[in-house]
Amino acid sequence: MSANRSTHCGRFEPILDRRRLLQRAGGGLGGLALAQLLGSQGLLAADHAGTQPTATRSEATNPLAPRDGHFPAKAKSVIWLFMEGAPSSVDLFDPKPELTKRDGQRISIDVFNGNPGPLMKSPFTFRQYGQSGAWVCDRYPNVARHVDDFAFIKSLHSDSNDHVPALYQINTGLARPGFPAAGAWVTYGLGSENQNLPGFVVLGNNQGVKGGPLNWNAGFLPAAHQGTLFRSQGNPILNLTRPADVSSADQRRQLDLLARLNNRHLEARPGEAELLGRIQSFELAYRMQSEAAGMIDFSQETQATRAMYGLDQEPTRSYGSKCLLARRLVESGVRFVQVYSDGEWDAHSDLTANHTGHCLATDVPIDGLLSDLKQRGLLESTLVIWGGEFGRMPVSQGKDGRDHNPQGFMAWMAGAGIKGGASFGETDEIGYKAVVDPVTVHDLHATLLHLLGLDHKRLTYLHNGRPFRLTDVAGDVLERLLA
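Letter by letter, the sequence shown follows residues 961 to 1443 in this note's numbering.
Below is the structure:
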């Protein structure tokens, strides 16, 4: 007898086995089978014991329970302002006078797409701000007010000049897909302080992040640690709301039935981490139905606060909503929040229009976030990171654009444990390569973990017979940036 059956689209579907039956049943629990939390991302347990990592019941039944790090932490949570598409360092925070002097000259340089154009000076003007005298372009006047809280890293470099592997590397430490994201490692090490919300939340963008959920997955870590994609408007998580024709009592009974089935399966396979994570994720999804919706109820905020984030203006409303939601999430105990910019900073042509638009969309919201965190006393316990997957070339491309540049780019950190006004490393005189104190992605991750009280060399997970870590076999904490 065939194990398949025909569907109305001419496709063939296998007759339901136990695993698929539970997947379908999970989909009826008011949509609790969330893509980021459940079967499609690996939370549904395999039917046969194999290479899944193991864990004790006490550890894995509540994998997001808060726990202490290796040493006292400066930061309790992270907000990562991710500028997808790669903003240009030399046009925003790291001006190069040599580019202005040599504007129009041709040099020998390797580029990602096509033939390189001549050196191109920045179309923007710069001025110094704050007691630190940090340079910021005229398109970021509100962000510039906070430079004395920033520690600039001006000598980052990475391995890929293609967006997707570069995104994987900045998020997971490796340019290959399938490894745990930084947020997953953080919740694996520390858990989360709010058991009614995920410990790792991702606020995506309107076009979809290149590389998709692999940028925030748990890889080989227990599946409960993967990021959960939230929206700042409408339903925060698609398919989370309980259907009107399913009562709360019925939903609870259905969930209890699944729990009994899963626990029966677990008895035959003690310590199966994937299944334990699945059970926990169903319970988390059930609890999130009320609290997640409350997170995006901005009516609880004053009009002044909403205006601070730019919610009253069209260009800033989208990113402002995400920044405000990020503040509300960390205020509620969420450990790690990534906030992706809308659109892309990928200015292969007309960099002036591209970066002007993105600065306009993010300047007021980032200013509002930093100001709000500070006035609430949250900046002392929250690490804020700004940056993209790589930078852009000093030479022109197309009509006044710039190509990808992983050889030298920048990011900044602010908040918990950061020495405000500091600067680390330099690129060469035209902003092409990191030449003074080059910083790897592993160094960035080691510093992030250190501020959270985690030793990057001790935060390991045994997989395929070897211990893995976020920083692989490298990484140094950037001590000079620490307060």
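Note that CB positions come from ideal geometry on N, CA and C, so glycine has one too.
- By the beta-carbon neighbour count (other beta carbons within 10 angstroms, threshold 16), Glu1349 is buried.
- In the structure shown, Met1373 adopts extended strand secondary structure according to DSSP, grouped into three states.
- In the DSSP secondary-structure assignment, Phe1084 is not bridged to any residue.
- Taking the C-beta atoms as reference points, Pro1137 is found no nearer than 8 angstroms to Tyr1148.
- Going by DSSP, Val1038 is part of the beta strand (DSSP E) stretching over Ser1037 to Phe1042.
- The C-beta separation of Ala1178 from Ala1142 comes to about 11 angstroms, leaving the pair out of contact by the 8 angstroms criterion.
- Distance check between Arg1087 and each of Met1080, Leu1079, Ala1313 and Tyr1100 places Tyr1100 closest, using alpha-carbon atoms only.
- DSSP places Val1161 in the uninterrupted beta strand (DSSP E) bounded by Phe1160 to Leu1163.
- Per DSSP, reduced to three states, the secondary structure at Leu1422 is strand.
- Take Pro1366, set aside five residues on each side of it, and the residues of its chain with a beta-carbon closer than 7 angstroms to its own are His1117, Ser1118, Asp1119, Ser1120, Asn1121, Ala1126 and Phe1350, in chain order.
- Taking 8 angstroms as the cut-off, the Cβ atoms of Leu1411 and Ala1033 count as close.
- Segment contact: the segment 1046 to 1057 against the segment 1066 to 1076, fewer than three CB-CB distances shorter than 8 angstroms; contact not assigned.
- Note on geometry: alpha-carbon atoms of Tyr1300 and Phe1042 lie some 5 angstroms from one another.
- Here His1364 is bridged, per DSSP, to Arg1352.
- Between Gly1381 and Val1324, the gap from beta carbon to beta carbon reaches 8 angstroms or more.
- Taken through DSSP and simplified to helix, strand or coil, Ser1383 comes out as strand.
- Apart from the 5 residues on each side of it in sequence, Asp1109 sits with its Cβ closer than 6 angstroms to the Cβ of Ala1374 and Gly1380 in its chain, given in chain order.
- With respect to the 8 angstroms criterion, Trp1095 and Ile1345 are not classified as neighbours on the basis of their beta carbons.
- Bounds of the beta strand (DSSP E) holding Gln1298 are Phe1296 to Tyr1300.
- In this structure, the straight-line span from the alpha carbon of Asn1156 to that of Thr1431 is close to 30 angstroms.
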